[in-house]
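To keep things clear, I will list the structure first and then write my remarks on it.
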Amino acid sequence: MNQHDIIIRQEKKEDYRAVEELVRDAFWNVYRPGCFEHYVIHVLRSDPAFVKELDLVMEQDGRLIGQNMFMETVIRADDGRDIPVLTMGPIGILPEKKRRGYGKRLLDDSLRRAAELGYGAVLFEGSIAFYGKSGFDYARRFGIRYHDLPEGADDSFFLCRELIDGYLHGITGVYQTPAGYYVDERDVEEFDRSFPPREKQRLPGQIF
């Protein structure tokens, strides 16, 4: 990766369709046959919890090759407080650019910007093998539980990174996924019909 041909900037309205196509390419048949993520970002842009300052795209030689976005949410603390935090994603990189350092660069830049805006922590669902390289750890080690997850169930997908050292010190509680992430499959199917047809495949490793 040539560090000098990369620009990371805020998404513009005229980028919307190209970003949705990028996200569709990045997630197609990865977690399920087809994908939901391109519709999710389409919906989240108009959600009150959407952080426009952290709605980011990565360009290489004028071509969009990656994107990331954040939503505000809370930890419902056991002492009754709501602790403001961020959640993240979808974060997508074009398939031909994956495993070449672009995703980590976008992620690290995104987290730096979030910290500069004063946010205290980011919690989301992801792989520790990748996100651990950018300072994430298992959320359980911060005393934070994933909502609706039965006690004793595997929570290794649920990750956290403090952006302010000690922000979650002494806090235990339950993370709340923003409602905007929950979309209806019928709405996804309707939205997807506006894109070129692609084959949905059931592949090993999918989780839905």
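The sequence shown maps to residues 79 to 286 in the working numbering.
For every residue, glycine included, the Cβ atom is placed at its ideal position computed from N, Cα and C.
The three-state reading of DSSP puts Tyr109 in coil, since its state is none of H, G, I, E or B. For Arg264, the uninterrupted alpha helix (DSSP H) run begins and ends at Glu263 to Asp270, by DSSP. Nearest Cα to Arg141 within the set Gly248, Ile285, Ile85 and Asp233: Ile85.
About 12 Å separates the beta carbon of Phe114 from that of Leu122, a gap too long to meet the 8 Å contact definition. Inter-residue distance for Leu246 and Arg276 is about 43 Å (C-alpha atoms, whole angstroms). Counting the other CB atoms within 10 Å of its CB gives Gln284 a total below 16, which places it among the exposed residues. Assignment of Glu174 by DSSP, reduced to helix, strand and coil, places it in the helix class. Straight-line measurement puts the Cα of Glu99 at about 17 Å from the Cα of Asp265. By the neighbour-count criterion, in which 16 or more other beta carbons inside 10 Å mark a residue as buried, Pro173 falls on the exposed side. Sixteen is the threshold: since fewer than 16 other Cβ atoms of the shown chains lie within 10 Å of the Cβ of Pro126, the residue is exposed. With respect to the C-alpha of Phe236, the residue from Arg271, Tyr224 and Ile242 having the closest C-alpha is Tyr224. Going by C-alpha positions, Cys238 is about 10 Å away from Gly221. Contact between Gln145 and Val101 holds: CB atoms are separated by about 7 Å, below the 8 Å threshold. Taking every protein chain shown into account, the CB of Gly158 has fewer than 16 other CB atoms within 10 angstroms, so this residue is exposed.
Under the DSSP assignment, Glu229 falls outside any beta strand (DSSP E); it carries neither an H nor an E label. Shown here, Ile119 sits in a helix according to DSSP, grouped into three states. The continuous alpha helix (DSSP H) containing Arg191 extends over residues Tyr180 to Glu194. Take Tyr197, set aside five residues on each side of it, and the residues of its chain with a beta-carbon closer than 7 Å to its own are Leu164 and Leu241, in chain order.
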